[in-house]
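Each residue of the sequence shown is one higher than the last, beginning at 1 in full-length UniProt numbering.
All residues carry an ideal CB built from backbone N, CA and C; glycine is no exception.
Being a predicted model, the structure only gives us computed values, none of them experimental.
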Amino acid sequence: MDSEGASSESSSSGDQLEKWTEEQDELKKKLIAYDDFTWKLSSSTELSQGSEILKYVGGVDMSFCKEDSSVACACLVVLELPSLHVVHHDFSLLRLHVPYVPGFLAFREAPVLLQILQKMRDEKHPFYPQVLMVDGNGILHPRGFGLACHLGVLAHLPTIGVGKNLHHVDGLNQSEVKQSLQLQINEHEQTITLVGNSGITWGVGFRPTLSSLKPIYVSVGHRISLDSAVEVVKITCKYRVPEPIRQADIRSRAYLQKHQTESFKELAVRPPDQTEP
Numbered sequence: 001m002d003s004e005g006a007s008s009e010s011s012s013s014g015d016q017l018e019k020w021t022e023e024q025d026e027l028k029k030k031l032i033a034y035d036d037f038t039w040k041l042s043s044s045t046e047l048s049q050g051s052e053i054l055k056y057v058g059g060v061d062m063s064f065c066k067e068d069s070s071v072a073c074a075c076l077v078v079l080e081l082p083s084l085h086v087v088h089h090d091f092s093l094l095r096l097h098v099p100y101v102p103g104f105l106a107f108r109e110a111p112v113l114l115q116i117l118q119k120m121r122d123e124k125h126p127f128y129p130q131v132l133m134v135d136g137n138g139i140l141h142p143r144g145f146g147l148a149c150h151l152g153v154l155a156h157l158p159t160i161g162v163g164k165n166l167h168h169v170d171g172l173n174q175s176e177v178k179q180s181l182q183l184q185i186n187e188h189e190q191t192i193t194l195v196g197n198s199g200i201t202w203g204v205g206f207r208p209t210l211s212s213l214k215p216i217y218v219s220v221g222h223r224i225s226l227d228s229a230v231e232v233v234k235i236t237c238k239y240r241v242p243e244p245i246r247q248a249d250i251r252s253r254a255y256l257q258k259h260q261t262e263s264f265k266e267l268a269v270r271p272p273d274q275t276e277p
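What follows is the structure, encoded as structure tokens:
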């Protein structure tokens, strides 16, 4: 590529990032970081006759083809509490046309996840989730607005961000968090509050079992407080990863494996499902 072409591509990329940043900032103004729902956990001490109980918890994840990372399978599952049985799942195979850019994952993954949620809502599905867990961060994000926030605001749905790795923001350090949790083993503590140098609480590091040395990182997505988010995560964890996200991961991988041969052929000729915003 000549220097003029490289310069043009760099300028285009810069323009795109600027556009995404502006959109992110606008959506962030709509973020609700407190409990904005009518349901209660079955363990709540505030239950009264006629109280709406949290019964349906959703989880979303995406799997990618090893041979071509632009070919993906998005999956939404809904689990029923307290059994954690899967009562609904749906998939979407697609070719992604938006590149992965650190800090802007939502612009790559949110559109297809929103489509699956909207389909369920349009059908007035009885198992539409009351809260959604997202394989990705909420406010625990370099710009304070990760995939869980983005998806929650656009879907107007309570969302919880669950990350397997810690974003190093505001002085937070993954190795130090793990060391702190390790020291708490004998104190039977499963959580550590993630407070940055600024004094901002970004989320919680959580060990589903006392023997687990690898925490997950829980943060507010939208329309839910951190305390409530952690409680929902606790009641949905059978293993390290909360069951709604774990099932979405397992099922999206299996679906992609089963259909990837035919999907290659279809996606090669199908008009793009997704274009850059």
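Check	Outcome
Which residues does DSSP list as the beta-bridge partners of residue 92?	74
Measuring only the C-alpha atoms, how far is residue 68 from residue 106?	20 angstroms
Near residue 63, what residues of its chain come up, given a Cβ to Cβ distance below 6 angstroms and the 5 sequence neighbours on each side ignored?	73, 252, 253 and 256
Within the chosen definition, does the stretch 142-149 reach the stretch 22-30 through at least 3 CB pairs nearer than 8 angstroms?	yes
In the DSSP output, which residue or residues are listed as bridge partners for residue 61?	75
Pull up the DSSP beta-bridge partners for residue 219, would you.	161
Residue 203 bridges to which residues according to DSSP?	194
How is the beta strand (DSSP E) around residue 172 delimited, first residue to last?	Residue 172 -> no beta strand (DSSP E), and no H or E assigned at all.
If you run the structure through DSSP and keep just helix, strand and coil, what is residue 80?	strand
Please confirm if the stretch 53-63 is in contact with the stretch 209-226, defined as three or more CB-CB distances below 8 angstroms between the two stretches.	no
Does DSSP put residue 294 in a helix, a strand or coil?	Residue 294 lies beyond the residue range present for the chain, which begins at 1 and ends at 277; the question has no answer from this structure.
Can you tell me whether residue 258 is buried or exposed? The criterion is at least 16 other CB atoms within 10 Å of its CB, across all chains shown.	exposed
Can you check whether the CB of residue 179 is closer than 7 angstroms to the CB of residue 207?	no
For residue 79 and chain C, any beta-carbon pair shorter than 7 angstroms?	The structure shown has no chain C; it contains just one protein chain.
With 16 as the cutoff for other CB atoms within 10 Å, does residue 165 come out buried or exposed?	exposed
Please return the same chain residues whose Cβ sits closer than 7 angstroms to the Cβ of residue 35, not counting the five positions on each side in sequence.	224, 225 and 228
Rounded to whole angstroms, what is the Cα-Cα separation between residue 136 and residue 51?	31 angstroms
Which value, in whole angstroms, describes the spacing of the CA atoms of residue 3 and residue 19?	The predicted position of residue 3 is uncertain, since its pLDDT is 45 and thus under 50; a value taken from the coordinates is nonetheless stated next. Cα to Cα, the separation comes out at about 24 angstroms.
What residue does the alpha helix (DSSP H) around residue 153 start on, and which one ends it?	147-155
Would you mind giving the Cβ-Cβ distance between residue 200 and residue 170, rounded to the nearest angstrom? I have them listed as a contact below 8 angstroms.	6 angstroms
Just to confirm the assignment, what range does the beta strand (DSSP E) spanning residue 31 have?	Element bounds for residue 31: n/a, residue is neither H nor E.
Tell me whether the beta-carbon of residue 241 lies closer than 7 angstroms to the beta-carbon of residue 204.	no
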